[in-house]
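**Q** All you need for the working numbering is the position in the sequence shown, starting with 1, plus 62. Attaching a single structure in structure tokens format; questions to follow.
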Amino acid sequence: MARGTPALRRAQWALFAAGFSTFSLLYCVQPLMPLFTQAFGVSPAQSSLVLSLCTGLLAVAIFLVGLFSQALPRKRIMALSLFASAVLGTAAAVAPDWHSLLVLRALQGVAMGGVPAVAMAYLAEEVEPDTLGFVMGLYISGSAFGGLSGRVITGLVSDHFGWRAALGTLGLLGIVAALLFIWLLPASRRFTPQRSRGWAGVAGDVRDGIGAHLRNGPLCALFAMGGLLMGAFVTVYNYVGFRLLAPPFSLSQTFIGFIFVVYLVGIFASTYFGRLADRHGRGAMLAAATGIALTGLLLTLSDALAVLIAGIVVFTFGFFAAHAVASGWVGQMSRGYKALAAALYLLVYYVGSSVLGSLGGHFWTDGGWPGVAAMAGSLLTVALAISAALYWRTARVPSASAVERGAS
């Protein structure tokens, strides 16, 4: 699909809807964590399990779906994933106790795996190389808009009607998004499902694919970048609500929900840096975006509310810019087995979210916000070093259009 064609426009908005649904359902519980501590009598670190379990099993599901995705149509996998995760999200609204809620969130994480595992491969296969960065950025923008909407809607609805109504609302919106996705997305033209060769065949593909990817040093560096970036991002967003509820801010749940409007900058950052990476090379843009995220994190240490919010804005901009560049680069840097490469990237990405996001709760308990910022800052510092090494190793990865211009 080339830029400006009707098929590409339909695919863009279909993947935007898929990103919205998946990530609104995934992150809608973040502003509700303080309410869970009150409703179920759990600690802040325990409350983070409602997200960490979901993202942890999402990581496993992404990897498993990536293994078997060659045997089923891309669109069917994503549609089933969207419907199942929306239905489970609606069921979570009536969970009778804490453990039931955790079980439903865990199942929801498994159901969500089909979209992120296949969307990146679908785009890498169907979209022309000189347009891939922009389209991948739009998919990430849908993810950002979903994360924003999930947090804002649950913050607003929970303040007036409780957390159960908030989760139910997001589940119904997810069903609507799934219907839009099915209507809009064109079927794959450059992918033909392959007959399953059984466990032995799959195991052989996995062995060959993982071996090829692990021998690709820059690709492994991108995998690590995903885990570090996501670990820092989820840690900050998991516990910033606790900070804003406490003195000296003492904000309401509704106000905290609207703080997440800063996700709008993620929508802009994803597409903007996707274009910059297409033009100027991914290594430089990845390092720049990571540095921006680290700068924003440092600003959140201020006790002035305006400065803290500005820090969250800058941090969010940098994260989504870096994620858009890194995820788009994975498809180009992998040598075959693209769906498996995307699955490995997202496996590390969500393991970072699950493990590091929960670990941040102990830093909050022991060190307050400075402890959380120190942990996230350490992760971003390592990510910045890796991105700088990638830049110096690859110098510049030109886009297909740049190569054509140079040859003409």
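The beta carbon of each residue, even a glycine, is placed where N, CA and C say it ideally should be. Small disclaimer: the values here were computed from a predicted structure and weren't measured.
Would you decide whether Gln-100 is buried or exposed? Buried here means 16 or more other CB atoms lie within 10 Å of its CB.
**A** Start at 1 with the first residue of the sequence shown, and residue 100 comes out as number 38. Gln-100 comes out exposed.
**Q** Assuming Thr-333 and Gly-204 make a contact with CB atoms under 8 Å, what is their CB distance in whole Å?
**A** The count along the sequence shown starts at 1 and reaches residue 333 at position 271. The count along the sequence shown starts at 1 and reaches residue 204 at position 142. The pair is not a contact, with the Cβ atoms about 11 Å apart (cut-off 8 Å).
**Q** For Ala-350 and Ile-371, what's the separation of their Cα atoms in angstroms?
**A** Residue 350 sits at position 288 when you count from the first residue of the sequence shown. Residue 371 sits at position 309 when you count from the first residue of the sequence shown. Spanning the two alpha carbons is a distance of roughly 21 Å.
**Q** If you draw a straight line from the alpha carbon of Leu-77 to that of Ile-272, how long is it in whole angstroms?
**A** Sequence index remark: in the sequence shown, residue 77 carries index 15 (1-based). Sequence index remark: in the sequence shown, residue 272 carries index 210 (1-based). Their backbone Cα atoms lie some 27 Å apart in a straight line.
**Q** By Cβ distance below 6 Å, which residues in the same chain neighbour His-222 in space, the five residues on each side in sequence not counted?
**A** Taking the sequence shown and counting its residues from 1, one reaches residue 222 at position 160. Cβ within range, chain order: n/a, list empty.
**Q** Between Ala-228 and Leu-418, which are expected to be in contact by the criterion C-beta below 8 Å, what is the C-beta distance as a whole number of angstroms?
**A** Position 166 of the sequence shown, counting from 1, holds the residue named residue 228. Position 356 of the sequence shown, counting from 1, holds the residue named residue 418. At roughly 26 Å, the Cβ-Cβ gap does not stay under 8 Å, so Ala-228 and Leu-418 are not in contact.
**Q** Which residues in the same chain as Thr-316 place their Cβ atom closer than 7 Å to its Cβ, once the five residues preceding and following it in sequence are excluded?
**A** Indexing the sequence shown from 1 puts residue 316 at position 254. Once the five neighbours on either side are set aside, the close Cβ partners of Thr-316 are Gly-217, Leu-218 and Asp-221.
**Q** Within 10 angstroms of its Cβ, does Arg-213 collect 16 or more other Cβ (buried), or is it exposed?
**A** By 1-based counting over the sequence shown, the position of residue 213 is 151. Arg-213 is buried by the Cβ-count criterion.
**Q** Give the single residue among Tyr-299, Ala-346, Thr-231 and Gly-393 whose Cα lies nearest to the Cα of Thr-456.
**A** The sequence position of residue 456 within the sequence shown is 394, counting from 1. Ranking the options by Cα distance to Thr-456, first place goes to Ala-346.
**Q** Please report the Cβ distance between Ala-179 and Ala-404, rounded to the nearest whole angstrom; I am assuming they are in contact, meaning their Cβ atoms lie under 8 Å.
**A** In the sequence shown, the residue the question calls residue 179 occupies position 117. In the sequence shown, the residue the question calls residue 404 occupies position 342. Right, their Cβ atoms sit about 7 Å apart.
**Q** DSSP three-state label for Ser-250, please.
**A** Counted from its first residue, the sequence shown places residue 250 at position 188. Correct three-state label for Ser-250: coil.
**Q** Could you round the C-beta distance between Thr-231 and Ile-244 to whole angstroms and report it? I think they count as a contact, below 8 Å.
**A** In the sequence shown, the residue the question calls residue 231 occupies position 169. In the sequence shown, the residue the question calls residue 244 occupies position 182. That pair is no contact at about 21 Å.
**Q** Give me the Cα-Cα distance between Phe-196 and Ile-202, rounded to the nearest whole angstrom.
**A** Residue numbering aside, residue 196 sits at position 134 when the sequence shown is read from its first letter. Residue numbering aside, residue 202 sits at position 140 when the sequence shown is read from its first letter. Their Cα atoms are separated by approximately 10 Å.
**Q** Are Ala-206 and Tyr-325 closer than 8 Å when you measure CB to CB?
**A** Mapped onto the sequence shown, residue 206 falls at position 144. Mapped onto the sequence shown, residue 325 falls at position 263. Yes, Cβ-Cβ distance for Ala-206 and Tyr-325 is below 8 Å.
**Q** Report buried or exposed for Val-238, applying the criterion of at least 16 other Cβ atoms within 10 angstroms of its Cβ.
**A** Here residue 238 is taken as the residue at index 176 of the sequence shown, counted from 1. Val-238 is exposed by the Cβ-count criterion.
**Q** Considering Cα atoms alone, identify which of Phe-125, Gly-289, Val-298 and His-275 is closest to Gly-423.
**A** Stepping through the sequence shown from its first residue, residue 423 is reached at position 361. For the residues Phe-125, Gly-289, Val-298 and His-275, the minimum Cα distance to Gly-423 belongs to Val-298.
**Q** Which runs of the beta strand (DSSP E) spanning at least 3 residues fall entirely within the region 310-375, listed in chain order?
**A** For the region 310-375, not a single whole beta strand (DSSP E) run of length 3 or above is found.
**Q** Grab the span of the alpha helix (DSSP H) containing Gln-108 for me, first residue to last.
**A** Within the sequence shown, residue 108 is the residue found at index 46, counting from 1. Element bounds for Gln-108: 106-109.
**Q** Quick one: what does DSSP say Leu-178 is sitting in, helix, strand or coil?
**A** Position 116 of the sequence shown, counted from the first residue, corresponds to residue 178. In the sequence under discussion, the amino acid at residue 178 is Pro, which differs from the Leu named in the question. Helix.
**Q** Contact check, Val-323 vs Leu-210 under 8 Å by CB: the rounded distance?
**A** For the purposes of this step, residue 323 is taken as the residue at position 261 of the sequence shown. For the purposes of this step, residue 210 is taken as the residue at position 148 of the sequence shown. Right, the Cβ-Cβ distance comes to about 6 Å (below 8 Å), so this counts as a contact.
**Q** Where does Leu-276 land, buried or exposed, given buried means 16+ other C-beta within 10 angstroms?
**A** Looking up residue 276 in the sequence shown gives position 214. By the 10 Å Cβ count, Leu-276 comes out exposed.
**Q** For Thr-475, count the other beta carbons within 10 Å of its own beta carbon; 16 or more makes it buried, fewer makes it exposed. Which is it?
**A** There is no way to answer for residue 475, as the model of the chain reaches only from 63 to 470.
**Q** Could you give the residue range of the alpha helix (DSSP H) that holds Gly-289?
**A** Indexing the sequence shown from 1 puts residue 289 at position 227. 279-307 is the extent of the alpha helix (DSSP H) around Gly-289.
**Q** Below 7 Å CB to CB, which residues in the same chain sit around Ala-181 once its five sequence neighbours on both sides are set aside?
**A** Your numbering for residue 181 matches position 119 in the sequence shown. Closer than 7 Å at Cβ, skipping near neighbours: Leu-77, Ala-80, Met-140 and Tyr-201.
**Q** Given a threshold of 16 other Cβ atoms within 10 Å of its Cβ, counted over all protein chains shown, does Ser-143 qualify as buried or as exposed?
**A** Stepping through the sequence shown from its first residue, residue 143 is reached at position 81. With 16 or more other Cβ atoms within 10 Å, it is buried.
**Q** Could you give the distance in angstroms between the alpha-carbon of Asp-365 and the alpha-carbon of Ile-374?
**A** Within the sequence shown, residue 365 is the residue found at index 303, counting from 1. Within the sequence shown, residue 374 is the residue found at index 312, counting from 1. Using only the alpha carbons, I get a separation of about 13 Å.
**Q** Looking at Leu-402: is its Cβ nearer than 8 Å to the Cβ of Gly-224?
**A** Residue mapping note: residue 402 aligns to position 340 of the sequence shown, counting from 1. Residue mapping note: residue 224 aligns to position 162 of the sequence shown, counting from 1. No, the Cβ-Cβ distance between Leu-402 and Gly-224 is not below 8 Å.
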